[in-house]
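Protein chains in written order, with our numbering: chain A, 2 to 1086; chain B, 101 to 252; chain C, 19 to 241.
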């Protein structure tokens, strides 16, 4: 029986889930309600914080979905009914009529052109027009239009059928009645996403009534080069806005409209849109009305600071405008109370952008009923557990990802989508199916027949570069026998045209003059491969990123585009067909780090049936979690949660744990890594818990499990896994007293070295809480009453040093302050740790619960209880916790010489508060763990600026690294809460499964080749290869191990005999580009 | 044709438009150039980028070849020191550029026409700046002495 | 291996001054491995000369070719076609190669592009150390595998001399005292006794001072 899964929803989360399932050999059916997959991302202009073009980064994923033989895409389709039989799901899927036959339609667009009627374009959020027959958006997958029944003239009047008349392939079918099919699945993934809140509930903002009050998604469409205004931001009357106000939290944090959670993405997209607006309209004056700026994520706070403080893109006002009035001249007056000055003010602008909330998508309730899963109080899909089951529904076999369960940004939706893939496969049984290798066709002829395809990229290229002229120019270049231009070369239609031309014109080499090979080379390689050409017989001229987007002068841009195309033609003429070969995979995983992320990955991998080696630096598992008195919102102790997780992974018998161990060395490459593990797990399992060792141990150190509140011996035990005594190798002096004292002879003070082979590695080494240097600035360590949140967790923990009674530590708890951003955002660590507003608020609430009469203050700069954690904030507030906004310019001052006191300037009341305190809780942020850099060097995975591991792409590849086969999860990538760490743990497991579910991987291609005839065996290459990929072979000459070679080409530039070439970048493929560029100087004038 | 576009106030009747070859590593410099595009930063069109997997793939003969073919300037751009995707390719590139500069000086050729830059994939602004910097530098130096028929 | 360094450019340019058709001739063995005269170095030098030629307004034709070994007649003969097209050959071989090429193409201008320096091995990538002078009477059996003839500035057989300080030779702080090295090596082998014995003056007649030496393998020579 073939494994199969149903993915409901074709947005980014659903696509990531489908692709990662398919890549594990699972058959996937993707059901999408709209006429194209893509979800919300195609509507966005750019993505924060890197400002990548949303469509550009998404497009390859969409095309991959359509090209993957394990994925079946069903558009215009919805789940009709679901039943469960013999552990499988029987699902009826209803497909609405498209009135266009997908197997006949070529996507030419003639029908759209001929359709006589125009209607407001829903995709553009009602701005601009579209025809009754239309493509959802230009890059739609599938690349075919659909007829909108309600608006079609024929359906309304019985006359017209112009589309049918003009369709040359007979693809229009007015008799299409749609269909219902029954399919069986082993697992279901809900990825139905969310939708934006239509702010009609906020009448006072005049949305839909006033001309120039628009939603953020409408602005996004206006900003988009492929939007209704081709990237011009205009008011209703067509003029450009000069004064624009953004209002945050429209429909979010707003009990009035019933969405009192935070939508988590609006602060960031608002900042992004403000920045983009400023780029479009440099003279525009922008005002942002906000409550808190919740830029909590990797690179997000930096993005905010740059916009607000460095580039001063906008004026920021902390207020929620009460009302908007439209003036007769269509300008808008906002009245608001500036909460920082308590003044009532008015502002006149000519455009207002409402940064609207994310709400459950239409039909969520109906689908939940069909699936038999619950909804949470906000109407999103309910998870089995917020923290530890963020991807699971309460119903076995049904998983949830992306915004179906709560508002998330693209990065987190991606994490969840990938993660859902590994959750789903744990449900499945039986075999996996992999498509056969696509093959690397040989070149059948020496004749050089080059085709050049020039892309308009909509208007992105064509508006600057004269595409037609370039296409004509290309025809005259040496060996070029064909050239054409395409609106979107990367669209399904564009690719099809390339494939057709290759066959029709007998092309043997292809140049695509379009965008960057970094994003689109694989797309076009796959396309020409489908047409029977070797994929390496392709080159791209980057006439968009390197030309049309950066040069304004049309003549100059055309000239440069011509030169770039000429260079690519010169290179492609000399490219060689390359092929890859397959190497066996060690179907085992190694996980570094036994915290919640690593354990989640271990659980998912072991439950998929794969052996896992889990290496943990500490002598016990669990990371930071077992120390916590309670995890929000489960209100369960961390140790309980972690023990469940460990048990779940351990009971498979597939898990080998290496406590007190570190990675000494990693050799090898994706599919086959050799890992050397050094273990100092000195106590074996014959330990019978007698504790005699502890009595004799002469080493006494701060107990890090109790956050330094107590002392412990170098040999000790904690209530976590493994259940035995262990020695902390960091502090043990190897004196041997314990060895002598142990009646069971369970102790051996020798370092053990293990060598394990694995196909993939997951790095989940977490983060460290608190930067001691920064905490010191608040007097940490100088007064008993100054503690960190981690310490409070221990002081509140029943098994902690005070048995859960914090009073035993500080005497009385009557006046408490929790200082947020204690070590983050204002000093040495200039980033936001994302989770500390949550933990800080949780601590305040818990203390208020325990000590209802105590005065409890939370001091914040911007309160970032993101997403549904807003509940916690409201709860704390309603219980009487007082929130005080401070400013980094006037940091709260702590004094402790004469009793503990704190002085803070309340930014909202404008008064200084002198608070006598019993307890000052410092909400510490996350910093990279010690030794991160060393580990990153061993793994050859780069760290980003702050020392956290660098993901391959911040949005769409957040658990991949630049070292293929090595994945990251949890705090090692960036500080995050338990739920997000767990989601990433599953995501890393899914990525790992795409390697180790396969028996073999393809290697080779762009690797170095050493000509044995020329090799002098001088060893230069062997000495200089950064990957140890070259060795002297049996014939006494150097030879590249193609599985190890990463294709940097360093060897080729050092070989004194010039015996080495890097495939695809050979001298005769590079030098002709130089010659072609410089050779035609006299022709230029 | 080039002269048509000359709007500069300088007395030189025909504006000198330098031709500069940039060997860029795929992971940082090329990516930064891509990002500069995404961010619509504007810079002079006089540099043409040749993409290499790593700046360590730059051969001294590539540098010499470009100059020999009449390039007015040649630049190599790699990752920030310490951040090379291939670990130390950019250090090898640095040595190569340094050596190539010596080789040029030996034959009395102004080695300022050759330069190495380091930047990360996120440094789109820096990329545009580097292009401007190099273009300005080469404009000051004037056309390569190797190009025939170019007279002051 | 035989180690060489490229000659200063001024010297090269002076040699090549009168010529237009220039062949840069690399050698694929020792000088390739010591990174001074192989195919890559030939290409770089050729590139340099082309730029120089264009800059100086000369119409130069720079050719480059590398053969397996310039010290074997067959290889040198094989490249006749290349040599004939050139007015001058700049050989990047060691002195041996240059001489053989000169001998086989007597009518051509054959110049050395390298200064042949010594026989040695690379201590680290890019740095070579001299350690054999070909004196014809090897003493390495006694000296722990360290050649005092080459590595001692005075070629002493009864070292070290008074100039040995902190393990370094008095000629330079960067030069190890060969006798210190010998001492350490012999100590490890437990053969220090040898250092106490007096070494009589050796027979220098095998060294090169008596004119060019010849090595005949009689079993290989056909009468």
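For each residue, glycine too, the CB sits at the ideal point set by N, CA and C.
Coil, strand or helix - residue i by DSSP
{"i": "residue 302 (chain A)", "result": "helix"}
{"i": "residue 609 (chain A)", "result": "coil"}
{"i": "residue 175 (chain B)", "result": "strand"}
{"i": "residue 139 (chain C)", "result": "strand"}
{"i": "residue 858 (chain A)", "result": "strand"}
{"i": "residue 736 (chain A)", "result": "coil"}
{"i": "residue 84 (chain C)", "result": "strand"}
{"i": "residue 361 (chain A)", "result": "strand"}
{"i": "residue 830 (chain A)", "result": "coil"}
{"i": "residue 19 (chain C)", "result": "coil"}
{"i": "residue 1034 (chain A)", "result": "coil"}
{"i": "residue 894 (chain A)", "result": "strand"}
{"i": "residue 140 (chain A)", "result": "coil"}
{"i": "residue 254 (chain C)", "result": "This structure does not reach residue 254 (chain C), given that chain C is present from 19 up to 241, and the question cannot be answered."}
{"i": "residue 713 (chain A)", "result": "strand"}
{"i": "residue 82 (chain A)", "result": "strand"}
{"i": "residue 468 (chain A)", "result": "helix"}
{"i": "residue 906 (chain A)", "result": "strand"}
{"i": "residue 196 (chain A)", "result": "strand"}
Cβ of residue i within 8 Å of any chain A Cβ
{"i": "residue 100 (chain C)", "result": "no"}
{"i": "residue 217 (chain B)", "result": "no"}
{"i": "residue 46 (chain C)", "result": "yes"}
{"i": "residue 121 (chain B)", "result": "yes"}
{"i": "residue 193 (chain C)", "result": "no"}
{"i": "residue 242 (chain B)", "result": "no"}
Proximity test, Cβ basis, 8 Å: residue i and chain B
{"i": "residue 62 (chain C)", "result": "yes"}
{"i": "residue 62 (chain A)", "result": "no"}
{"i": "residue 33 (chain C)", "result": "no"}
Residue-level contact to chain C via CB, residue i, 8 Å cutoff
{"i": "residue 238 (chain B)", "result": "no"}
{"i": "residue 1039 (chain A)", "result": "no"}
{"i": "residue 115 (chain B)", "result": "no"}
{"i": "residue 785 (chain A)", "result": "no"}
Cβ distance (whole Å) where residue i is taken to contact residue j below 8 Å
{"i": "residue 923 (chain A)", "j": "residue 776 (chain A)", "result": "6 Å"}
Discussion item. Using a Cβ distance threshold of 8 Å, determine whether the stretch 42 to 55 of chain C contacts the stretch 100 to 111 of chain C, with at least three qualifying pairs required.
Written reply: Yes, the stretch 42 to 55 of chain C is in contact with the stretch 100 to 111 of chain C.
Worksheet item: Any residues in the stretch 1013 to 1030 of chain A with a beta carbon nearer than 9 Å to a beta carbon of chain C? Which ones, in chain order?
Response: 1015, 1017, 1018, 1019, 1020, 1021, 1024, 1025
Worksheet item: Any chance the stretch 310 to 322 of chain A sits against the stretch 280 to 297 of chain A, with 3 or more Cβ pairs inside 8 Å?
Response: yes
Worksheet item: For the 8 Å Cβ check, are there 3 or more pairs between the stretch 984 to 995 of chain A and the stretch 570 to 578 of chain A?
Response: no
Discussion item. When you compare the stretch 794 to 801 of chain A with the stretch 707 to 724 of chain A, are there three or more beta-carbon pairs, one atom per stretch, that lie closer than 8 Å?
Written reply: yes
Discussion item. Counting only Cβ-Cβ distances shorter than 7 Å, please list the residues of the stretch 52 to 84 of chain C near chain B, keeping chain order.
Written reply: 61, 62, 65, 66, 68, 69, 70, 72, 73
Worksheet entry | Residues in the stretch 134 to 162 of chain C having any Cβ partner in chain A nearer than 7 Å | The residues in question are 143.
Worksheet item: Using 8 Å as the threshold, is the stretch 232 to 252 of chain A in touch with the stretch 193 to 206 of chain A, meaning 3 or more CB pairs across them?
Response: yes
Worksheet item: According to a CB-to-CB cut-off of less than 9 Å, which residues of the stretch 140 to 165 of chain B neighbour chain C?
Response: Correct list: 159, 160, 161, 163, 164, 165.
Worksheet item: Listed in chain order, which residues of the stretch 174 to 190 of chain B have Cβ atoms closer than 8 Å to some Cβ of chain A?
Response: 183, 185, 186, 187, 188, 189
Worksheet item: If we count Cβ pairs, one from each stretch, closer than 8 Å, do we get three or more for the stretch 166 to 175 of chain C versus the stretch 148 to 158 of chain C?
Response: Between the stretch 166 to 175 of chain C and the stretch 148 to 158 of chain C, the count of C-beta pairs closer than 8 Å reaches three or more; the two stretches touch.
Item to complete: Determine which residues of the stretch 635 to 646 of chain A have a Cβ less than 8 Å from any Cβ of chain B, and write them out in chain order.
Response: none
Worksheet item: In chain order, what residues of the stretch 957 to 988 of chain A put their CB closer than 7 Å to some CB of chain C?
Response: none
Worksheet item: What residues from the stretch 565 to 580 of chain A come within 8 Å of chain B, judged by C-beta to C-beta, listed N to C?
Response: Listed by position along the chain: 565, 568.
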